[in-house]
Amino acid sequence: MKKNKILFGFAALCLAFGLVFSMSAFKSNATKRAPVYFKYEGSTFDEAAYRNINNWQHTSAPEEEACIGDSDICILSVDSDNLTAAGSMLDKLDYFFNTDLNGSGQVESYVDNPANREAEQN
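Residues -27 to -1, 1 to 95, numbered by mature numbering (1 follows the signal peptide of the UniProt record, and there is no 0), are exactly what the sequence shown covers, in order.
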């Protein structure tokens, strides 16, 4: 009788681990965030120029954008979760820059981070 209790407990434990493993192996991709792209059209590459929203243009086809220059920012990739304001995509980018990146030099650091650059000027 004691042997059956041990086997039953072991079987229950294996079943529990199997369920946990199988459920975690098939997670939905719904939590995957979509990047939003902006082309930089300014001629200077500093904090003030990056904060000027008139230097940016929203683009849905970053691979088709032509970039002229020498290894400066061309296409910026921003996680869609960071663009929460109302309005156009440029309004959302402006809000992100002025709310989440409101410290001195934070926008420049964000733009200069290679992880946030979809493309550089060539």
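Note that CB positions come from ideal geometry on N, CA and C, so glycine has one too. Since the model is a prediction, treat every value here as computed from it, not as a measurement.
Straight-line gap, residue i to residue j (C-alpha atoms, nearest Å)
i, j, result
"HIS31", "GLY78", "22 Å"
"LYS65", "ALA58", "5 Å"
"PHE69", "GLU93", "21 Å"
"ASN75", "GLU38", "28 Å"
"ASN86", "SER50", "10 Å"
"THR72", "PRO35", "25 Å"
"ARG24", "LYS12", "13 Å"
"ASN55", "SER61", "14 Å"
Cβ-based burial, residue i [other Cβ within 10 Å; buried from 16]
i, result
"ALA3", "The predicted position of ALA3 is uncertain, since its pLDDT is 45 and thus under 50; a value taken from the coordinates is nonetheless stated next. ALA3 should be labelled exposed."
"ILE46", "buried"
"ILE(-22)", "exposed"
Bounding residues of the beta strand (DSSP E) (the contiguous stretch that carries residue i)
i, result
"THR17", "THR17 -> no beta strand (DSSP E), and no H or E assigned at all."
"GLN79", "Segment 79 to 85 is the alpha helix (DSSP H) holding GLN79; no beta strand (DSSP E) there."
Proximal residues to residue i (C-beta, below 7 Å), its chain only, five neighbours per side dropped
i, result
"LEU63", "ILE26, TRP29 and HIS31"
Cβ-Cβ distance between residue i and residue j below 7 Å
i, j, result
"GLU81", "TYR10", "no"
"ARG6", "ASP52", "yes"
Minimum Cβ-Cβ distance from residue i to chain C less than 7 Å
i, result
"SER82", "The structure shown contains no chain C, having only a single protein chain."
Cut-off 6 Å between Cβ atoms - residues of its own chain near residue i, not counting five sequence neighbours on either side
i, result
"SER1", "Model confidence at SER1 stands at a pLDDT of 48, short of 50, so the residue's coordinates are unreliable; what they give is reported in the following sentence. Result list for SER1: empty, nothing under 6 Å."
Cut-off 8 Å between Cβ atoms - residues of its own chain near residue i, not counting five sequence neighbours on either side
i, result
"ASN89", "LEU49, SER50, VAL51 and TYR83"
Endpoints, the alpha helix (DSSP H) within which residue i is located
i, result
"LEU66", "62 to 72"
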